[in-house]
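A.B. asks:
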Amino acid sequence: MTRSGRRRWAGLAGVAALLLGLLFAQGALADPCEAIPEDGRLPGYLTLGATFTGQVVEVIDGDSLCVAVGPTPREWVEVRLGDFYAPEVATPEGLAARAALEGLAKGHTAQCVAGFATYDRIAAVCRIDGASIGDQMRAAGIKESGKGLAAREPPRAIILPPTPIAPTPVATPLSAPAGSGPCEAFRARGGVRVGEPGYRLEWDSDRDGIACEPLGRRRR
């Protein structure tokens, strides 16, 4: 083969390799979860608040995965974790989050509670072995992105000071009668204490626990 022929074949081989690479890249980027079509129409089992369970068959990035509720990709639900926001997958932190999620979830059975749909996936909180995946990611030391944290924080309520409430009027206790009646007998022996026979709250004018107290001993 002449030199020009070799160059021609080398050029064709390079083009073929480029085309194959593009085909593989397109396959890698294809959505493996097809339970929710691109128009966002939800299957009946993915209504808000519904529970769905299946094996995690694919991990897409640090906070997205596929839960298989059936054997075919048309029954694989793409889930966006509702309780964890990973950094962008193009960053080193995002790649670390994806690797951690794959280690925690892939091949395990997840029980998820459906939230709102976002395009062809659904936000959901998923649990594996009773613990939410978001909590497990944080426990593994995977940091969330600042943008995601802000999105997850609930709106802060404006707290107003409480409206003052007028105090309930308290009846002025009656003073113990002086000079006559049962209280006089108690007063003669220094008063009657709470819990002793004859104690009456209305005779304890200073509320010190001693009724019919001698006048000279009352606290000032």
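In my numbering, the protein residues as written are -7 to 212. In this text, a Cβ means the ideal position worked out from N, Cα and C, and glycines have one as well. As the structure is a prediction and not an experimental result, all values here were calculated from the model.
For L96 and M129, what's the separation of their Cα atoms in angstroms?
C.D. replies: Within the sequence shown, numbered from 1, the residue matching residue 96 stands at position 104. Within the sequence shown, numbered from 1, the residue matching residue 129 stands at position 137. Answer to the nearest angstrom: the Cα atoms are 8 Å apart.
A.B. asks: Cutting at 7 Å between CB atoms, please list the residues of its own chain near V186, excluding the five before and the five after it.
C.D. replies: Here residue 186 corresponds to residue number 194 of the sequence shown, with the count starting at 1. Within the same chain, V186 has close Cβ partners G201.
A.B. asks: Measuring CA to CA, which of A91, A78, V49 is closest to C25?
C.D. replies: Residue mapping note: residue 25 aligns to position 33 of the sequence shown, counting from 1. It is V49.
A.B. asks: In the DSSP assignment, find the beta strand (DSSP E) that holds A109 and state where it starts and stops.
C.D. replies: Numbered from its first residue, the sequence shown carries residue 109 at position 117. 101 to 110 is the span of the beta strand (DSSP E), which, as asked, contains A109.
A.B. asks: Figure out for me which residue from H100, E136, T110, G107 has the closest Cα to the Cα of D121.
C.D. replies: For this step, residue 121 is matched to residue 129 along the sequence shown. Checked all of H100, E136, T110, G107; the closest Cα to D121 is H100.
A.B. asks: With DSSP collapsed to three states, give me the class of E94.
C.D. replies: Locating residue 94 in the sequence shown gives position 102, where the first residue counts as 1. Reduced to three states, the DSSP call for E94 is helix.
A.B. asks: For I28, which of helix, strand or coil comes out of DSSP?
C.D. replies: For the purposes of this step, residue 28 is taken as the residue at position 36 of the sequence shown. Here I28 sits in coil by DSSP.
A.B. asks: Between I114 and I28, how many whole angstroms is the CB-CB distance? I'm expecting something under 8 Å.
C.D. replies: By 1-based counting over the sequence shown, the position of residue 114 is 122. By 1-based counting over the sequence shown, the position of residue 28 is 36. Right, the Cβ-Cβ distance comes to about 6 Å (below 8 Å), so this counts as a contact.
A.B. asks: To which residues of the same chain is A60 closer than 7 Å at the C-beta, ignoring the five residues directly before and after it?
C.D. replies: As a working mapping, residue 60 is identified with position 68 in the sequence shown. Result list for A60: G46, Q47, V49, E67, W68, in chain order.
A.B. asks: Nearest-angstrom Cα distance between S124 and E188?
C.D. replies: In the sequence shown, counting from the first residue as 1, residue 124 sits at position 132. In the sequence shown, counting from the first residue as 1, residue 188 sits at position 196. For S124 and E188, the distance between alpha carbons rounds to 60 Å.
A.B. asks: Hey, R181 and C204: beta-carbon distance below 7 Å or not?
C.D. replies: Residue numbering aside, residue 181 sits at position 189 when the sequence shown is read from its first letter. Residue numbering aside, residue 204 sits at position 212 when the sequence shown is read from its first letter. For R181 and C204, no; Cβs fall outside 7 Å.
A.B. asks: Report the rounded CA-to-CA distance for D75 versus T110, giving the unit in angstroms.
C.D. replies: For the purposes of this step, residue 75 is taken as residue 83 along the sequence shown, with counting starting at 1. For the purposes of this step, residue 110 is taken as residue 118 along the sequence shown, with counting starting at 1. Each residue's alpha carbon lies about 15 Å from the other.
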